[in-house]
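Q: This is the structure, below, for whatever I ask next.
There are 2 protein chains.
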Amino acid sequence: MHATTMKRIAGELGVSITTVSKVLNNHADISAATRTRVLAKVEELGYQRNAVARSLSLRRTHTLGIVIPDLMHSFFVEIIAGIEPVASVRGYGLLLCSSSEDPRKERAELEMLRGRQVDGVVLASTHGSGNTEMLQQLARQGTAIVMIDRDDYPSVKCHRVLTDDEQVGRLATAHLLDAGRRAIAHIGGPAIVHAKRRERGWREALKARGIKPPDDWIVRGGFMESDGYRAMQRLLAVRPRVDAVFAANDPAAIGAMKAMWEAKLRVPDDIAVVGVGDIALGDLLRVPLTTVGWSRRDQGRHAAELLLNGIDRDEDPPQRVIISPRLIVRESSGAPV
Amino acid sequence: MHATTMKRIAGELGVSITTVSKVLNNHADISAATRTRVLAKVEELGYQRNAVARSLSLRRTHTLGIVIPDLMHSFFVEIIAGIEPVASVRGYGLLLCSSSEDPRKERAELEMLRGRQVDGVVLASTHGSGNTEMLQQLARQGTAIVMIDRDDYPSVKCHRVLTDDEQVGRLATAHLLDAGRRAIAHIGGPAIVHAKRRERGWREALKARGIKPPDDWIVRGGFMESDGYRAMQRLLAVRPRVDAVFAANDPAAIGAMKAMWEAKLRVPDDIAVVGVGDIALGDLLRVPLTTVGWSRRDQGRHAAELLLNGIDRDEDPPQRVIISPRLIVRESSGAPV
DNA sequence: ATACTATGCTTTACCGGTAAAGTCAAGGCA
DNA sequence: TGCCTTGACTTTACCGGTAAAGCATAGTAT
């Protein structure tokens, strides 16, 4: 019923448990003969080290916690896809948690990860969560932390892997300007720094061409498709009509397009659209979406590397890794592809 | 640097470690006064039980392993989204593994999960993996197993959560027949039972209307977009031309549509298409895809429940849960929506 | 011949919990 | 008064590993 242990191996061979342990850990003070006998027995019984006992003893679980706001958003899944291979080859497991966009659940998950003694945490925090304290507690306990796409909570001493959000806004807006659009509205995200930076990039790009956006060219909301839909409904009322929209992320851009189609407007002929994020299948949409993206895989990869390289090195100074964004031109922006 | 332990709590209060443990586990033989004092100290120090030590002692990790072939396929992510809430409320963590469609990696991941003493495993196996032996070893060790969408490996005694694949084939094909199509080709999947059952459903539905498909109406391949693309290129050579295609899954259907567009054919006017799976964004495609789907969330939810209800009950007989499929009519099948 | 050292193992203590069995004072009952 | 409970803990052993220290034996230096 239950698995083989070192005790059994040691017993059958008439050696001590420590000897078995040393063989498995490649200690030098074991004779070749003993090593061979142990290894043969391990093979014969299909023995595998009990990782739980090992973790307790080593005070190292070889496990990373991942906390994301939404499993269904391909964005986060791609980050995980970047983390997974790095962790896997180094023998690290991934403990996956979803906060379901709820700061309280996020807190509970972080607490759970603390109890499970994970060696590191990758956190794509739900905005507005007041979990600073929890994070500090984790950090104090020696858990390495990487925040993905979050540059708030400066008091939390942890690594960060970000994109250059102002550049995101500038790229998107400059592209629409290059495509001949002038009345470029912005569907802004929620009140977190990276949404604000995208907005700033939008303003800067417009300013660089001498355009000063009136107040009604911007509607701030959330990052969901429904937010984009509602925002666009309001933007459609603006006169003179805007001829382009830069949405703070792809779901919002898709929501905006839906609102336009309902209003019998054509994309990009009547209004051009650019999103942010380069979500999966964005190229298969009814009107393929122009977007500003960056490699989420790289983002995840860097996060995992920061954690794994930092573990066992105390006082690893917090690092910031910037992933540079790039424009992905498709049909929705009405520029030659 | 390192976390508070029961030892510290016990020391500060002048009680034994066991007393603290009993309070935390709600044992009856503790006075109200002591209970209160312990709880206060726990609160004061922000103490949380060390799950690793607990797991070792209880021989229960409160962890489920999840092994899927591909993180980027929304199909599997949706299943995880169904598992997560069930596991989370019961205090179970999810250890996520990707086999990257590689049976050898799958094996390695299963082995890792064995070492980590997970209480249960949800396996969406890469087809053709010869990991029967590994699974049996896990099962013998007392690990509960659920296979998702796999009805092969009958020798592995485990739960299964499946859809009714013959019904899938029948629904898709009957729908195309109802829409007036007669020459309905099939892009078959790889050599696994559920692909074969979808094919059987297709045959049955045709037979029920007196149609006997010639051999060149079926092309078997894989489940990838590229497989569908190649298969369709072959089907386009069939004369008289087919007027509909039932693809064994959505990515293959999308690949097929791409091949049609390249051949300057219109969907659904020239050829109607039905897929299987109801992948995310299927309704946002250039031609929204008619498909046969079923709730992946339910599938994940059932998987989690089978595992969690089965744990601690030895000799839990393997169960089969069937999730019934339903038709999702969109434009690609050329029927009134 | 004696002390010194390296080799190859074993003993012991510990990681942080849990369960079972043991202890001890206070109270009930004959 | 003596014995049996009962309540409220404590002691002990164990989960399955790991690291540090200990300990023979054989070989080498002096």
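Residue numbers (this note's numbering), protein chains in the order written: chain A, -12 to 324; chain B, -12 to 324.
Using N, Cα and C, we set each Cβ at its ideal position, and we do this for glycine too.
In chain A, which residues lie with their C-beta within 9 angstroms of the C-beta of residue 313 (chain B)?
A: Taking the first residue of the second sequence as 1, we reach residue 313 (chain B) at position 326. Ordered by position in chain A, no residue passes the 9 angstroms Cβ test against residue 313 (chain B), which lies about 20 angstroms from the chain.
Q: Residue 101 (chain B) CB to nearest chain A CB: under 8 angstroms?
A: Here residue 101 (chain B) corresponds to residue number 114 of the second sequence, with the count starting at 1. Yes, residue 101 (chain B) lies at the interface with chain A (some Cβ there is under 8 angstroms from its Cβ).
Q: Under the rule that 16 or more other beta-carbon atoms within 10 Å means buried, what is residue 92 (chain A), buried or exposed?
A: By 1-based counting over the first sequence, the position of residue 92 (chain A) is 105. Counting Cβ neighbours within 10 Å, residue 92 (chain A) comes out buried, since at least 16 surround it.
Q: I need the straight-line Cα distance from residue 226 (chain A) to residue 250 (chain A), nearest angstrom please.
A: On the first sequence, position 239 is the one that residue 226 (chain A) refers to. On the first sequence, position 263 is the one that residue 250 (chain A) refers to. Answer to the nearest angstrom: the Cα atoms are 15 angstroms apart.
Q: Relative to the C-alpha of residue 66 (chain B), which candidate in B:-10, B:55 and B:76 has its C-alpha closest?
A: The residue labelled residue 66 (chain B) in the question sits at position 79 within the second sequence. That would be B:55, whose Cα lies nearest to the Cα of residue 66 (chain B).
Q: For the segment 146 to 157 of chain A and the segment 184 to 204 of chain A, state whether three or more C-beta atom pairs, one from each stretch, are separated by less than 8 angstroms.
A: Yes, they touch.
Q: Start and end of the alpha helix (DSSP H) containing residue 181 (chain A)?
A: Start at 1 with the first residue of the first sequence, and residue 181 (chain A) comes out as number 194. Looking at the DSSP string, the run of the alpha helix (DSSP H) that includes residue 181 (chain A) is 180 to 195.
Q: Start and end of the beta strand (DSSP E) containing residue 171 (chain B)?
A: One-based indexing of the second sequence puts residue 171 (chain B) at position 184. Taken as a continuous stretch (DSSP letters only), the beta strand (DSSP E) holding residue 171 (chain B) covers 171 to 175.
Q: Is there a Cβ of chain B sitting closer than 8 angstroms to that of residue 59 (chain A), yes or no?
A: Translated into positions along the first sequence, residue 59 (chain A) becomes position 72. Cβ-Cβ to chain B under 8 angstroms: yes for residue 59 (chain A).
Q: In terms of residue numbering, what span does the alpha helix (DSSP H) encompassing residue 156 (chain A) cover?
A: Along the first sequence, read from residue 1 onward, the residue named residue 156 (chain A) stands at position 169. Residue 156 (chain A) -> alpha helix (DSSP H) spans 152 to 165.
Q: If distances are taken between C-alpha atoms only, which option among B:223, B:255, B:180 and B:200 comes closest to residue 235 (chain B)?
A: Counting from 1 along the second sequence, the entry for residue 235 (chain B) is found at position 248. Closest option to residue 235 (chain B), Cα to Cα, is B:180.
Q: Among residues of its own chain, excluding the 5 on either side of residue 82 (chain A), which ones have a beta-carbon nearer than 8 angstroms to its beta-carbon?
A: In the first sequence, the residue the question calls residue 82 (chain A) occupies position 95. Cβ within range, chain order: 50, 51, 52, 53, 100, 103 and 105.
Q: With a threshold of 7 angstroms on Cβ separation, who are the neighbours of residue 325 (chain B) within its own chain once the five nearest residues in sequence on each side are excluded?
A: No information on residue 325 (chain B) is available, as it lies outside the stretch -12 to 324 that chain B covers here.
Q: Inspect the beta-carbon positions of residue 138 (chain A) and residue 149 (chain A) and report whether they are closer than 8 angstroms.
A: In the first sequence, residue 138 (chain A) corresponds to position 151, counting from 1. In the first sequence, residue 149 (chain A) corresponds to position 162, counting from 1. Contact: yes.
Q: Looking at the strands, I want to know which residues DSSP matches up with residue 84 (chain A).
A: Residue mapping note: residue 84 (chain A) aligns to position 97 of the first sequence, counting from 1. In DSSP, residue 84 (chain A) forms a bridge with A:54.
Q: Residue 41 (chain B) by DSSP, collapsed to three states: which one?
A: On the second sequence, residue 41 (chain B) is found 54 positions in, with the first residue counted as 1. The answer is helix: DSSP assigns residue 41 (chain B) an H, G or I state.
Q: Could you check where the beta strand (DSSP E) with residue 132 (chain B) kicks off and where it finishes?
A: The residue you call residue 132 (chain B) lines up with position 145 of the second sequence. Residue 132 (chain B) -> beta strand (DSSP E) spans 131 to 135.
Q: Taking contact to mean at least 3 C-beta pairs separated by less than 8 angstroms, is the segment 316 to 324 of chain A in contact with the segment -4 to 5 of chain B?
A: These segments do not touch.
Q: Excluding five sequence neighbours on each side, which residues of the same chain lie with their C-beta closer than 8 angstroms to the C-beta of residue 213 (chain A)?
A: Taking the first residue of the first sequence as position 1, residue 213 (chain A) is located at position 226. If we look at residue 213 (chain A) and ignore the five residues flanking it on each side, its Cβ neighbours are 242.
Q: Figure out for me which residue from A:64, A:108 and A:39 has the closest Cα to the Cα of residue 146 (chain A).
A: Sequence index remark: in the first sequence, residue 146 (chain A) carries index 159 (1-based). Checked all of A:64, A:108 and A:39; the closest Cα to residue 146 (chain A) is A:108.
Q: From the DSSP output, in three-state form, read off residue 63 (chain A) for me.
A: If you number the first sequence from 1, residue 63 (chain A) lands on position 76. Residue 63 (chain A) falls in the helix class under three-state DSSP.
Q: What residues of chain A sit near residue 42 (chain B), judged by a beta carbon separation below 7 angstroms?
A: The residue given as residue 42 (chain B) occupies position 55 in the second sequence. Here the neighbours are 39.
Q: Does the beta-carbon distance from residue 294 (chain A) to residue 76 (chain A) come in below 8 angstroms?
A: Your numbering for residue 294 (chain A) matches position 307 in the first sequence. Your numbering for residue 76 (chain A) matches position 89 in the first sequence. The answer is no: Cβ separation not under 8 angstroms.
Q: I need the straight-line Cα distance from residue 164 (chain B) to residue 64 (chain A), nearest angstrom please.
A: Sequence index remark: in the second sequence, residue 164 (chain B) carries index 177 (1-based). Sequence index remark: in the first sequence, residue 64 (chain A) carries index 77 (1-based). Near 38 angstroms, if we compare the C-alpha coordinates of residue 64 (chain A) and residue 164 (chain B).
Q: Measure the C-alpha to C-alpha separation of residue 4 (chain A) and residue -5 (chain A) and round it to an integer number of angstroms.
A: Counted from its first residue, the first sequence places residue 4 (chain A) at position 17. Counted from its first residue, the first sequence places residue -5 (chain A) at position 8. Roughly 9 angstroms separates the two Cα atoms.
Q: If we ignore side chains and look at the alpha-carbon of each, how far apart do residue 7 (chain A) and residue 37 (chain B) end up?
A: Position 20 of the first sequence holds residue 7 (chain A). Position 50 of the second sequence holds residue 37 (chain B). Residue 7 (chain A) and residue 37 (chain B): Cα-Cα distance of roughly 27 angstroms.
Q: Could you pull out every unbroken beta strand (DSSP E) segment of at least 3 residues lying fully inside the segment 262 to 299 of chain A, listed in chain order?
A: Within the segment 262 to 299 of chain A, the complete beta strand (DSSP E) runs of at least 3 residues are 277 to 280.
Q: Leaving out five residues on either side along the sequence, give the residues of the same chain with a beta carbon under 7 angstroms from the beta carbon of residue 203 (chain A).
A: The count along the first sequence starts at 1 and reaches residue 203 (chain A) at position 216. Contacts found: 225.
Q: In the DSSP assignment, find the unbroken beta strand (DSSP E) run with residue 109 (chain B) in it and report its ends.
A: Here residue 109 (chain B) corresponds to residue number 122 of the second sequence, with the count starting at 1. Where residue 109 (chain B) is concerned, the enclosing beta strand (DSSP E) stretches over 107 to 110.
Q: So, is residue 255 (chain B) buried or exposed, given that buried needs 16 or more other C-beta atoms within 10 angstroms?
A: The count along the second sequence starts at 1 and reaches residue 255 (chain B) at position 268. That one is buried.
Q: Could you please give the first and the last residue of the uninterrupted alpha helix (DSSP H) stretch that includes residue -4 (chain A)?
A: Here residue -4 (chain A) refers to the residue found at position 9 of the first sequence. -7 to 0 is the span of the alpha helix (DSSP H), which, as asked, contains residue -4 (chain A).
Q: Just the Cα atoms here: how many angstroms apart are residue 210 (chain B) and residue 262 (chain B)?
A: Taking the first residue of the second sequence as position 1, residue 210 (chain B) is located at position 223. Taking the first residue of the second sequence as position 1, residue 262 (chain B) is located at position 275. Computed Cα separation, rounded: 11 angstroms.
Q: Report yes if the C-beta distance between residue 62 (chain A) and residue 287 (chain A) is below 8 angstroms; otherwise report no.
A: Taking the first residue of the first sequence as 1, we reach residue 62 (chain A) at position 75. Taking the first residue of the first sequence as 1, we reach residue 287 (chain A) at position 300. Not closer than 8 angstroms, so no.
Q: Taking the beta strand (DSSP E) that residue 224 (chain B) falls in, what are its first and last residues?
A: Position 237 of the second sequence holds residue 224 (chain B). That residue, residue 224 (chain B), is in no beta strand (DSSP E); it is neither H nor E in DSSP.
Q: In whole angstroms, what separates the C-alpha of residue 90 (chain A) from that of residue 266 (chain B)?
A: Counting from 1 along the first sequence, the entry for residue 90 (chain A) is found at position 103. Counting from 1 along the second sequence, the entry for residue 266 (chain B) is found at position 279. Cα-Cα distance, rounded: 29 angstroms.
Q: Starting from the beta carbon of residue 85 (chain A), find every residue of chain B whose beta carbon is closer than 7 angstroms, and list them in chain order.
A: In the first sequence, residue 85 (chain A) corresponds to position 98, counting from 1. Those are 71, listed as they occur along chain B.
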